[in-house]
Structures are given as structure tokens and as C-alpha cells.
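**Q** Mind having a look at this structure? Questions to follow.
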Amino acid sequence: MNLREAFLSAIEDENPKSFLDYIEQHNTKNETFDVTEVLQTFSKKLHERLWVGLKTLCNNQILNATPSADTDEYDVTQNEKTSIMLSCLQGITTVALCSISMDKPFIPPALFETAVILHGVMMCLPDDNQKLQGSIAQLCETWFLNDLEGKEELITHTLPFLVIRSLAKGTVADVKHVWGVRQGLLLMDFDDENSESLKQLLQQCMIHPTFLRAEEGHRFLSFLFGIHPGFIKELHKTIKNQIPVCSMDVLSTYGEIYFRAWRVASGPFLEVIENDCFQNLMYAAVHAQRTGTQSMASRLRKVLGYLHQQKKQQGVDEALVRLYQPIIWRAFKVANPMVRANAAALLIDAFPLQDPDANNEEVDNLLQKQFDILQNLLEDPSPVVRATGVHGVCRIAGVFWELIPVTTLKTLLNKLICEVAFDASSSSVRVAVFQGLKFLLENHLSHLFLKTLLVSLRDLIHDNSEKVRAAFVDLLLLVKGMKAIKFWSIVPLEHLLARLELETSAPVMRKLVKLLMNSFHPLNKETDIQITRCTALWEANPVAARRFYQYAHLHTSVHATGKFILLLGQCLSHWAKNVGSADNTSVEDITRTDSTDNKENEGIDESADAVLTLPDVNTIAGILETIAISWAGIKDQLEKKANESIKGKLTQQFTKALPKLISSTEDGRARAALVLISSHLPSNCLPAFSKKCLSTLSSLHDCVSTQDYGPMLDCLCSWGQAGDVLEIIYTCLLNKMKGDIGVTMANRGKSHTSSKLPKLEVTTALDLLSWLLYQPACREAVMNHDKRLADIAGILKDVTNLIEGDLLGATNPKSKRSNNHDTTLELYPKTLKMYCHLQIHLHSKNCSSESVKAAETVTELLVWAERVLLPSLPSYSDTSEGLTMEKGKRTRKEDDSKDLSCAKDTLEVIISCSSELLKLGMADNTFCCQVTLLTKTLAQLGEKGLPFLPSLVELMYQMSQRMIFLDEEERPTDYTQGMLTDILQAIAKNSSSENISQVLMGVKTPLAEVLKTYECKRQAVIAGFADRPQIMACTMAACLAELSHKTLDMQEEPTAADLPTLSFFVLSVLIKSKILLRSFTEELEQCIVSGAIQDAELLASATFLLAVIVNANSKLDNLKSCGLQILQQIDQLPVDNEQSQNEHQINPEQIKGMAKQILNRLGVVC
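Numbering of the sequence shown is given in my numbering, commencing with residue 4 and proceeding in unit increments.
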């Protein structure tokens, strides 16, 4: 029996085992049996016999594996039968695939019938038989693609299966299979209800990432728009739902899908795509919101942008004109500025809107209409529309420069540069001008025209807005690379240097330095030119020069900056050698030195001769500052291994040069720069200089500037000698503060002062300590000597005893004062402030230690202040009285006034340090409790406590921040409410004070921040995250209490000016924030609803306050409900005829009348 007969016999055998063995051999690579080779030897009769047998086998196995419906007992062989059936179906599918894959396959009827059977069971197979399902789908797909007879019968289940598989697995190959059988969708009846499931699958394809990423996916999705007109609307709805959340790339893909579908559509399909898709998107893009970086309007424009980009395609221009016609022109006439801005953006994207089939006159009229709209956009009252118009004019002019009439172009650009660029009402419009001009300058044809116009913008380099200045410098950087326009012809160098001098924004300074690099730091020029430019910069503007070199190293390499420093050092060394010669000596060949120096500075270009004149000390100081600043800029980079060579050269050169330079310079500015340069060298390079610095520090006199000691401190700390500096400070304070500071300072001028005492004064020692603590580099060095710092803190603490003694002496008429008593009093607050800050730093250093607790220190000071300082506080009348002078001599009254002023300044220091302690998170409950007690005591002092209210409100703000950021598990006590109540009561009690206005100005900002902080917490309460805060309730209660004690005129409509001091102040804070004002009215309504306000006085106060709020802001959504609650509560007031006859009592009818007026104004008819 040959192989063909054996294979056929196995198929016709009732037992499928033999057939499955052949299939297994086919699937095994090492076996010689191959189904395709066997089938190629079959005749048509054998093919018919083969498929009759396979059809019978297929039917028998399916029937055999189907459980009987009338049998309840479980058949133990059912699983085995199912397994055999699945194997047989897999084998039959394999043979079918081999049959139809041959060249000119013969398709007997039995093969088609078998394929139909397999197609029918494909979706009914168990989920774990994906391989068999895939094989059957492959069979049906191949049948369909080969256009075999009966292909329509094999696509009904195949297409949904392929779509489901592509959505589940999400591979590009699956998408390609779906794309291959797309024509099968045209065979479906999408009007039939049974097609709903397929529609849902196809809609899922519209948002699936794989379909949106693959090219075949794009084609398939656009093909979906051509299968049924009604289905297009459903697809469009699916895309619109995705627009707010998908990425910008996907939006562009959707635009491509729409365009591809439109390009091949016709008849009803084209009508639906244009009217229900394109015009719907255009209408939505015109009316969408513009808020946010990726607003809905910008997203919709991204979708339509693909259509706008295809204007070169045939029919696109005509379609855009026709589709935009009923939408865009009317949008420019609406009142809403956002709609006008959206319409402007769409017009700019689609410009020019023109119909190629129209005659010349119609085309010209339409273009002129668009130019007129652009002109109107530049004059629009809304800054958003004007900014959009600016971008549009520049973009259109840049792209269509040669096509726009010259007159129109001049008109638009003159308007833009000469008027809109100076728009004082909006900085965003001015920024848009510079951004638009950058785009316009990319067209080289515009350079000649803009060259003369740009000069008029020079003053905008000093614009108040940082964004405008940054945009202007960006424009100048673009111009810098152009040959036709020079940036210094637009803005002269003097203006740029002045801007660099005054600039406070680091990004703008970096850009300015980048702009000026080639002008003042040309590293590609000869060495003499580099030095000449450097000195010219210092002579032109020293402050700008410092700023310039602070950022110059960011635009060059470390090696280039190092070479420049070496060059300047070589120049200064040559100058130092010739310093003894005549004035204005010409220093020739400055970059040339002896052979030894050349070896040290190998790598510096010395081929050119530099002929320079260094006429004054300012130029020398400028070059020294350049070295110091540039070296500091690359200091961290020099520590890298790759830069060891340049670091070694710098160290070697300046180790030799600095002693000569130090001896040759006497100017303070130059010496300060030399000290800074010395700090970059190792300490062993300049041992004598190190000792000299310590000696100089220990002998500093008072009234020295930071320039005299700051660089030396930085230098010594970098050399690891911070401990020696602290020893100097400690010795000074120990000798001069353990006794009476006033006596010590009084003896300072006597010739017989003990030589053993250090020359350093207390005030200078405190300045040194302040520098060490506040400069980051120095602070890191001195904090390693925490024991010595603790000793210094112990000495500074004694200032409290000195203050207390002087304050007691102020009350004793027999006490005597030293001649330097005034200086001593000024020193006390400074010393106490340094003590507090030192304790805070020690606490931060030893936060895990129990020995140093800043909170305990400041708490003790708070207790001490309440005991000692508060009784000695001056009133405003005390501080404002003129000092009595008798022939140049101080009177006792003046001395007492200064003592009281010292108490005030000292208390301000303690409150300030308390605020800093809260800010740093070092406070505990004991400290917070003491702060509350001090606030209460100060508030009760009347006019004496009034000057401290701004500081107390700032302290209250820090307390509120502590409450917000503490964990809920700690359950901290909220002290802010009590502090606010005391402060508001103090304002109300002292409302008649002459200085109340000045105090309230200092209170306003921090109070607003406190209320905003607790409003955020109140929103968290609504979400269920915290306990409800009562801050706004306290504020409202204080206002009602004040108003209830005033005589209110309920006849006339009140304004904010009719409110007493506290209420007027609180409302002025609230009215600037819609959120705070809403919260206030909500608390007022809640108070009325709860029944807390029942008597006529409080109801009148609430009505009066609500009337003022309505006059100030009638757009709040809760004003109506609040007014209705007041009216309802008024109706419940008891009628008292005797009370109503008393003219001093408020008539409920008057309250009711005002409440009705409020509601009428809000649109509520009573």
C-alpha cells in the first residue's frame, strides 16, 4: 500500500488515531511525511474522496463529543472524547490549509462544507484552545484573501474573531490580519440589531493604541468611515470622547484618519463626514475653553490641524472655505473674547481661506476680509485675542511674505512693532510680539524691512515683566547669528550692561551673558584683545561685570575658563613687578614672562603681544574680581580628575603671584578679591597670609563693612581654620560680656585700656558670628565646632540679665548711665537675636540630642519677656514725643525713652525668632502655649501692644502652617483660633488710635494667608479628611460683635465705608479672594441656620454686613440663600411695641426692609 492509500485509509478508518499520527508526523520537523507533498500527488477524485472522508470524520467527532441531553449521569470519558475531537479538528484544519495554499487549488464541495463547519464551531470552542481557533481563522482568512468560491460564508465569525484577538493581544501583526479582511465588513448589515456587538468592537479599535500606532491601523480606521453612513456618527462620537484625554500625537492621528476617510468618500458618506464630523469639530474648536496648557481648544485645533496642513491637496481649500463659512466669520463678532480668540487661532491655522474655483475679484475680497480681521485682532479689547492676533500676523507674514501686498504688510507690522509692542495693559501681548518676531525673522526676506523697525523696541529691554525681558533677549540671541542685523544696533551695549546690572532674574541674566560673550569674553581672539575687552567691561560698568563673570563660565569649558584665569594672573604678575615704576606705565608683552613662568603656564597661547595700560586701581581690582568670580564658578569642576592639570597650573601660578600682589595693592576692593582667590588655594600654600588674616580679624574696629571681614572669613573657613575664628570671637565675648558691656565700651577710648583685652569689639564679634552662621560655606565649617558654639551661646545668654538690669535702672531715678549707654542699648537686641539663632543652629546640628532644644530656649525667653519686657513697653505717645535737649546734653527723659525703646526692639526680636522656630518645625506644644499667652497679654495692653500686631499675625501664620503639616495622628492643639480672637479684639479696641492704619497695613497680608490656609483645610473637611476649623467663624463673630455695638443706619444702602474699623479691614481682606468671601458668607448663613443669631442687634449686624458684601460682589452663588435665611429669622423675631417705640432700638421692620432690598438686587422677588 502506497503512502496516498495509507493516508486515505487512516482518514476513512473509524478510529482517528491513525489520522492523528500522520498529522503529528507532519508537524514534526524530523519526519519525512508532509501533507502538502502528498496532496500534490492527488487526482481530483482522490481529493473528493479525501474531503468526503474528512467531512465525515469532522461530523462524527463533533457529534461524538457532544454530551447527550437525556443523560444525567456524568460520562467519565467525556473529557477524553472532547480532547480527541479537538485534535481531529486541528488536523483537519491543517489539511485544509495545505489544500488551499497550493497553486491553483482544487476545491471539492466537501472541502467547502468542512470549512463552513469549522467556521461555525470556531467561536464556540473553549477559551484554552486559542491555537485551534487561530488555525481556523487563518483558514478562513486565506480562503477570503484567495477569493475562493463561497468566501462570504467564512467571514461572519472570522472578522469579529480577528478584531477581538487584535484588541486583546495588541500586536501589529494582528492589526495587519484585520486590515487584510476589511472588505468583509462591506458584507455585513449594519442596520441589523445583531451587528451591535461588532459595532462596539470596531469602536474599541478607534481608541486602541496598536491601531493608532500601526500604519495598517490608520488605514483600517479610516476605512471604517466608509462602511455605513450611520456608523460614521458613532465613530465620531467615540473620537470626541477621547480628545480630552489622549496625547497630542494621537490627536494628529485622528486628524489623519478623518482626512483619509474624507478624501475617498462620496455621496452620503462625504456629506456625513463634512457636516457631522468636520463642521462639528470646527464649531467645538471655536467655542471650547482655553484654560490650561493643553486646553480643549488647542486639542481640537490639533485634530483639525492635519486637515489645514493638506491645503495643497486638491479640494481641500474649497472644502475649508465652504465648511468654515457659517462658523468662523460670525465668531469674530461675538462678545465672548475666548470665542474670538479661538476663531482667530483657527483662521491663522487655515490661512489663507480661498476658493480656487472663484474668480479673481472674489478671491481678492476674501483675502482682504482676512487681512482686515487680522488688523482688528491687534486692536481687540481682550489681551488674549490681541496676543493671538500678534502670533497670527507674524506667522502669516513669515510664511507668505512674498504674496502679501506691500501696503498691507507695512500696515500690519508698523501696528505690531510701534503700538502693540508697547501694550501697557498686558505683558502677555508684549511677549507675543517678541515671540512672533522670532518666527518672522526666520524668513530672510524680512530682515531689511525689520532692521529699521526693531530699533524702536530698545527700551523694552528694561520692561517691568521678566517674561518680556526674557523674550526680548531671546530675540536678540536670534539676531546675533544674522549678518543683515546687528543686535547692538537694536539695543546699544550701554543699555544691555545697565540691564545686566539691574536684572534680578537668573534666567534673564544667563541669556544676557550668552548674548555678550563674544563682545566682552572672546576666547577665540588674541590674548591682548581678551584682556582689553575685560578691562573695558570693568570700566564701563563694574556691577554688570560682576554679574557677567558669575555666569560666563557656564558658556565655556572649564579648560577655557582656567586658561583665561591664568592669562589674567600672568598680566597681574607683570604689573606687580612694575608697580614701582612711574604712573601710567605702558606694560608691553604682558603675556610674556621668563622661561620659568612659561613652563608653569604651558598651554596658554602667547604668540601675540599685548600692549596694555593699567591706569588706576579700579582696573586692577576688576581683574582680580574676575579671577575670583571665575575661579569660584569652576571650583567644583576643578575637583574632577579630568581637570587636575588646569587646577595644578592655577595653584602653582597663584601660589607665587599672590604674595607679590598682596604687597602691591592697598585698595580694599582689590584686597578682598585677593582674599577670595586665596581661599581657592590649599592652606599650606600661604601660611603667613593665614596668620595675617587671623591677626587682622582679632584687631578689627567697630563700624567695619562686610567687605572688610567677609572674604577673610570665607578664606579661613575653606582652609579649615573656622575653629581659630571662633576662638577669637569667644575670647572677645568672654572678656567683654561677662561684665557690663557699657563699661567696657566706655573704656574703649581711654589710653590706659588693658592691653590684655582683645581689640575686637562686641558688635564686630557679633557681625563675624553672623557671617559665619548665615553664609552656607562658612556655616558648614563652623557647625563642626558645636561645643565652642555652645560656649558662645552661654555667654550671649547673659544679655538677658544686662537688659533686665538696665530696664530696672530706667525706673530708678538715682541710677547712673555710662556715656556709651545708647550704643549698649542698640547692641542688646542684636545680641539676643544672635543667641536665638545660634540655639536654632545647634538644635539643627544636634536634633537627636536632648542637651540642645531651641524650643525650650525660646520658651524661656517668652516667659522672661512677659515678666520683664512687657511692663517696660512704651506707648505710641512715648515713642513719638520729641527728645528734650539742653545745650547739646541728653536729659534723663531721653535716656528713659531709649530704655523703653530697647524693650520694644528686644520683644520684636523674640517674636521674630519664635516665628522662625515655627517655620523650621522645631516648636512643641509648650512653646505654642506660651506664644498664645504672650499674644493674649500683648493684645490686652491696649495701645502699647498695637505695634506688635503685624509680627503677631506673622507668628500666627506660621502657627497655622504648623497645624496644616502636622500628622493627624499627633492630634495637635490648634492655637491659631485663640490668637486670631485676641488680635481681632485688640484691633477693635484700638480702632480710634492714630496709628491704626499703619498697623493694619502690616497685618493685612499675613492675615489673608492665614484665612486661605484654613480655607484649604476646610475644603479637606468637606472631603472628610480633618476636623472642621473655626477660623472663619471667629472672624465673622468679631465683625458681628463690633457692629452690634454701633448705631447702624438701616434706611440707606450701606457701603464698605460705612463699616467700623475692624469690619472694614476684614472685608477688605476677604473681598480680594472670591473663595474667602464665599466661605465667610457660608459661615454667616450657618450661624443663622443654627440659631446662634436670634436677637435684633445681631440680625441687624448680619443684614448690614451682607448688604455691604452684595454691593462689593453680587456674583457669589450663596448670597441668595444667606439673605433668605436672614429674612426667615427676622420673621421669627417677637414683636415688642415698647421696644419699637424706643428710638435707640432697631426696628425689625427696618431690618426686614434692608433684607428685601438685598434679595431684590440679587434677583429674588419677595
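Each residue gets a CB set at the ideal place from its N, CA and C atoms; glycine is no exception.
Measuring only the C-alpha atoms, how far is R433 from V471?
**A** 6 Å
**Q** Can the beta-carbon of S1076 be found less than 8 Å from the beta-carbon of K1015?
**A** yes
**Q** Would you call T1 buried or exposed, if buried means 16 or more other Cβ atoms sit within 10 Å of its Cβ?
**A** With the chain represented from 4 up to 1169, any question about residue 1 goes unanswered, as that position is not in the structure.
**Q** Which complete beta strand (DSSP E) runs does the stretch 677–706 hold, if anything under 3 residues is left out?
**A** none
**Q** Can you tell me whether L811 is buried or exposed, with buried defined as 16 or more other CB within 10 angstroms of its CB?
**A** exposed
**Q** Taking 8 Å as the threshold (C-beta atoms), are F930 and T976 in contact?
**A** Cβ atoms of T976 and F930: not closer than 8 Å.
**Q** For the alpha helix (DSSP H) containing T1084, name the first residue and the last one.
**A** 1077–1092
**Q** Whole alpha helix (DSSP H) runs in the stretch 330–356 with 4 or more residues, listed along the chain?
**A** 331–334, 340–353
**Q** In this structure, how does DSSP classify R52 when only helix, strand and coil are distinguished?
**A** helix
**Q** On the CB-based measure, 16 or more other CB atoms within 10 Å of its CB, does M485 come out buried or exposed?
**A** exposed
**Q** With a CB to CB cut of under 6 Å and the five nearest residues on each side skipped, what residues in its chain are close to S138?
**A** T96
**Q** Just verifying my parser: in three-state terms, what is the DSSP assignment at W722?
**A** coil
**Q** Excluding sequence positions up to five away, which residues of its chain have a Cβ less than 7 Å from the Cβ of G183?
**A** If the five residues before and after G183 are omitted, its C-beta is found closer than 7 Å to the C-beta atoms of E144, L148, all from its own chain and listed in chain order.
**Q** Determine contact between the stretch 218–227 and the stretch 263–280, defined as no fewer than three beta-carbon pairs at a distance below 8 Å.
**A** yes
**Q** In or out: E957 buried (at least 16 other Cβ within 10 Å) or exposed?
**A** buried
**Q** Enumerate in chain order the residues of its own chain whose CB-to-CB distance from I376 is below 7 Å, with the five nearest sequence positions on each side excluded.
**A** F335, L350
**Q** Can you have a look at C1125 and say buried or exposed, based on whether 16 or more other CB atoms are within 10 angstroms of its CB?
**A** buried
**Q** Hey, out of I260, T1008, D252, L188, whose CA is closest to H231's CA?
**A** L188
**Q** So what's F193 in DSSP terms, helix, strand or just coil?
**A** coil
**Q** Straight-line CA distance for L955 to Y978?
**A** For the pair L955 and Y978, the Cα-to-Cα distance works out to about 13 Å.
**Q** Beta carbon of H556, beta carbon of G671: below 8 Å?
**A** no
**Q** Can you tell which of V38, L165, L157, V124 has the C-alpha that lies nearest to the C-alpha of S102?
**A** V38
**Q** For Q93 and Q81, I'd like the C-alpha separation in whole angstroms.
**A** 18 Å
**Q** Take the Cβ of N604 as the centre, count every other Cβ of all protein chains shown within 10 Å, and call the residue buried at 16 or more, exposed below.
**A** Note that N604 scores a pLDDT of 36, beneath 50, so its modelled location is shaky; the value from the coordinates is reported in the next line. It counts as buried.
**Q** Once the 5 residues before and after F109 are set aside, which same chain residues still bring their CB inside 6 Å of it?
**A** K47, H50
**Q** For the candidate residues C932, S915, A989, D106, whose alpha-carbon lies nearest to that of L944?
**A** Distances from the CA of L944 to each of C932, S915, A989, D106 were compared; the closest alpha carbon is that of A989.
**Q** Which term fits A435, buried or exposed, when burial requires 16 or more other beta carbons within 10 angstroms of its beta carbon?
**A** buried
**Q** Taking 6 Å as the limit between beta carbons, can you name the residues of its chain near A291, skipping five residues before and five after?
**A** M299, A300, L303
**Q** Between the stretch 1048–1058 and the stretch 1088–1098, are three or more C-beta pairs nearer than 8 Å?
**A** These segments do not touch.
**Q** Does the stretch 642–659 come within contact of the stretch 546–563, defined as at least 3 CB pairs closer than 8 Å?
**A** yes
**Q** How is the alpha helix (DSSP H) around W404 delimited, first residue to last?
**A** Looking at the DSSP string, W404 is not in any alpha helix (DSSP H), and its letter there is neither H nor E.
**Q** Look up K413 in the DSSP assignment and say whether it is helix, strand or coil.
**A** helix
**Q** Under 8 Å between the Cβ atoms of D195 and K236?
**A** no
**Q** Please return the same chain residues whose Cβ sits closer than 8 Å to the Cβ of T658, not counting the five positions on each side in sequence.
**A** L684, C688, L689
**Q** When burial is assigned at 16 or more other CB atoms within 10 Å of the CB, is F403 buried or exposed?
**A** exposed
**Q** Looking at the structure shown, is L627 part of a helix, part of a strand, or coil, going by DSSP?
**A** DSSP places L627 in helix when its eight states are reduced to three.
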